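For reference, the structure is listed below as structure tokens.
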Amino acid sequence: MKQLTWPFCICFTMFLTAGSITACNKKIHTWVAAEDTLNKTTGIEKTAAVFPDTFGFGQSVSTEYIRKFDIDVRPDGRGLPAGAGMVKEGRSIYLEKCTVCHGKTGREGGPGGKLVSSPPDSNKTKTIGNYWPYATTVYDYINRAMPYNAPGSLTSKEVYDLTAYLLYENGIIDSVFVVTEKTLPLIEMPAKKLFVPDNRLDEIKSGSR
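Residue numbers (mature numbering (1 follows the signal peptide of the UniProt record, and there is no 0)): -23 to -1, 1 to 186.
Here you go:
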């Protein structure tokens, strides 16, 4: 048997491909025609999808329920509730609810890490005193995430007291300073100067980089 020449092979392959495409097109047209016939028979017309107002999942929530989760506090103090905290009261709460994770003074560390800067490691371990740029973040984080085994269980008074105590231990405020929704945003954190705005996009737009 003579070997087939390559032009013949190419033509034969193209013939098979064309035949397959034609067969597929015929099947598609048959399916479309069958669908149209079914729609006409059953009275079903093609319409744009219309979604219902509800899919039957979940439940309606009240404004009060949503307010429980709307607790973020911004650097300028927006979101802080009315209240006041003192160092002395904060120390008592800390010893009761925080030492198991952060140590007796916040310097020892533990599962939750250190919270207070000590001179020997002030430039190593990231703590409230040497790393956090805004004092309001102390309140925000304690309020939403602490204590670890019962987040959100502290009252606003307890959070203000703990905030005062931790700021005092980090050498940022004195022992008689009263932390309130007015005074907390005014506290200048030592680490704030270490943070700079990310203006790379502005530089790219201006062509300076």
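Just so it is clear, CB atoms sit at the ideal spot from N, CA and C, and this is done for glycine as well.
It should be emphasised that the depicted structure is a prediction, and the values quoted were computed from it without experimental measurement.
In whole angstroms, give me the CA-to-CA distance for residue 149 and residue 30. Taking the first residue of the sequence shown as position 1, residue 149 is located at position 172. Taking the first residue of the sequence shown as position 1, residue 30 is located at position 53. Distance between the alpha carbons of residue 149 and residue 30 is about 53 Å.
Give the secondary structure of residue 156 by DSSP, where H, G and I count as helix, E and B as strand, and everything else as coil. As a first step, residue 156 is located in the sequence shown; it is residue number 179 there, counting from the start. Reduced to three states, the DSSP call for residue 156 is strand.
Quick one: Cα of residue 96 to Cα of residue 42, how far? Taking the first residue of the sequence shown as 1, we reach residue 96 at position 119. Taking the first residue of the sequence shown as 1, we reach residue 42 at position 65. Those two C-alpha atoms are separated by around 45 Å.
Could you check the C-alpha separation between residue 78 and residue 65 for me, to the nearest Å? Sequence index remark: in the sequence shown, residue 78 carries index 101 (1-based). Sequence index remark: in the sequence shown, residue 65 carries index 88 (1-based). Approximately 20 Å, taken between the alpha carbons.
Validate contact between the region 157 to 166 and the region 98 to 115 using beta carbons, cut 8 Å, 3 pairs: yes
Which runs of the alpha helix (DSSP H), 4 residues or longer, sit entirely within the region 21 to 57? 40 to 44
Roughly how many angstroms lie between the CA atoms of residue 80 and residue 160, to the nearest whole one? The count along the sequence shown starts at 1 and reaches residue 80 at position 103. The count along the sequence shown starts at 1 and reaches residue 160 at position 183. Between residue 80 and residue 160, the C-alpha separation is close to 28 Å.
Taking DSSP as the reference, what is the three-state secondary structure of residue 112? The residue given as residue 112 occupies position 135 in the sequence shown. It is coil, neither helix nor strand.
Quick check for students: name the residue ranges of the alpha helix (DSSP H) that lie wholly in the region 74 to 102, counting only runs of 4 or more. 76 to 79
Work out the CA separation of residue 54 and residue 47 for me, nearest whole Å. By one-based count along the sequence shown, residue 47 stands at place 70. By one-based count along the sequence shown, residue 54 stands at place 77. Each residue's alpha carbon lies about 14 Å from the other.
Proximal residues to residue 127 (C-beta, below 8 Å), its chain only, five neighbours per side dropped: Numbered from its first residue, the sequence shown carries residue 127 at position 150. Counting only Cβ-Cβ distances below 8 Å, and skipping sequence neighbours, we find nothing.
Using CA atoms only, rank isn't needed, just tell me which of 153, 120, 106, 73 is closest to residue 171. Taking the first residue of the sequence shown as 1, we reach residue 171 at position 194. The shortest C-alpha separation from residue 171 is found at 106.
What distance in whole Å lies between the Cβ atoms of residue 61 and residue 136, which are believed to be in contact at a cut-off of 8 Å? One-based indexing of the sequence shown puts residue 136 at position 159. One-based indexing of the sequence shown puts residue 61 at position 84. Not confirmed; about 11 Å, so no contact.
For residue 59, which of 138, 181, 184, 87 has the nearest alpha-carbon? For the purposes of this step, residue 59 is identified with residue 82 of the sequence shown, where counting begins at 1. Comparing Cα-Cα distances from residue 59 to each of 138, 181, 184, 87, the minimum goes to 138.
Going by DSSP, what residues sit across from residue 62 in a beta bridge? The residue labelled residue 62 in the question sits at position 85 within the sequence shown. The partner list for residue 62 (beta bridge, DSSP) reads 156.
Buried or exposed: residue 124, going by 16 or more other Cβ atoms within 10 Å of its Cβ? If you number the sequence shown from 1, residue 124 lands on position 147. When all chains shown are included, residue 124 counts as buried.
Quickly, what does DSSP pair residue 165 with across the bridge? List them, please. For this step, residue 165 is matched to residue 188 along the sequence shown. Paired residues: 111.
Return the CA-CA distance between residue 147 and residue 39, expressed in angstroms with no decimal places. Taking the first residue of the sequence shown as position 1, residue 147 is located at position 170. Taking the first residue of the sequence shown as position 1, residue 39 is located at position 62. Their Cα atoms are separated by approximately 40 Å.
Note down, in chain order, each residue of its chain lying with its Cβ closer than 7 Å to the Cβ of residue 88, except the 5 sequence neighbours on either side. Here the question's residue 88 lines up with position 111 in the sequence shown. The answer, listed in chain order, is 78.
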